[in-house]
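*Asks:* Here's a structure for you.
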């Protein structure tokens, strides 16, 4: 009798562990080769998305900016199930930012007019199809030809 109770307890414990949704962590300073833990997070949302397609779970985004090199598309496959939903959320009080923009570095800013600053971007930058100058006007970006 004791063996049956012990066996049932062990099976219940393993069954509960196996069904629990897994938590993954993503950080701009992580690596996609990492296991996605708090101490060894993934770097990209795409990597977390791939991992979640199997069992479902939660992705905790650490604070920082996540620049997306291409469109991140979520399909029905990324929804999980009723019992194992897929959730993306900020970790603790951290503030992640998902940016579909292109990170521009090394720009030479110069005065434009009325306190507005302007910089020329590389001509081969394909994300900006409408011109080659960026103008910063009260923290709002505008394209200028």
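Residue numbers (my numbering): 1 to 145.
Glycine is no exception: its CB is placed at the ideal position from the N, C-alpha and C atoms.
Because the structure is a prediction, the values reported are computed rather than measured.
1) Leaving out the 5 sequence neighbours to the left and right, which residues in its chain are closer than 6 angstroms to residue 84 when beta-carbon positions are compared?
2) How about residue 89 and residue 61: do their beta carbons lie closer than 9 angstroms?
3) Output needed for residue 76: all residues of its chain with C-beta closer than 6 angstroms, excluding positions within five of it in sequence on either side, in chain order.
4) Run through DSSP, which three-state label would residue 94 get?
5) Restricting to Cα atoms, I'd like to know which of 115, 74, 49 and 121 is closest to residue 107.
6) Go ahead and pull the three-state DSSP assignment for residue 52.
7) CA-CA distance, residue 95 and residue 74?
8) Unbroken beta strand (DSSP E) runs of length 3 or more, entirely within the stretch 58-82: which are they?
9) Which residue from 71, 92 and 82 puts its Cα closest to that of residue 102?
*Replies:* The relevant details are as follows:
1) The residue you call residue 84 lines up with position 84 of the chain shown. Correct list, in chain order: 21 and 56.
2) Translated into positions along the chain shown, residue 89 becomes position 89. Translated into positions along the chain shown, residue 61 becomes position 61. Closer than 9 angstroms, so yes.
3) Residue numbering aside, residue 76 sits at position 76 when the chain shown is read from its first letter. For residue 76, where only same-chain residues beyond five positions count, there are no Cβ hits under 6 angstroms.
4) Here residue 94 refers to the residue found at position 94 when the chain shown is read from its first residue. Note: residue 94 maps to coil in three-state DSSP.
5) Sequence index remark: in the chain shown, residue 107 carries index 107 (1-based). Minimum Cα distance to residue 107 is reached at 121.
6) Taking the first residue of the chain shown as position 1, residue 52 is located at position 52. Here DSSP, grouped into helix, strand and coil, assigns residue 52 to helix.
7) Locating residue 95 in the chain shown gives position 95, counting from the first residue. Locating residue 74 in the chain shown gives position 74, counting from the first residue. Taking C-alpha positions only, residue 95 is separated from residue 74 by approximately 21 angstroms.
8) 64-67
9) What you label residue 102 is simply residue 102 of the chain shown in a count that begins at 1. The option with the nearest alpha carbon to residue 102 is 71.
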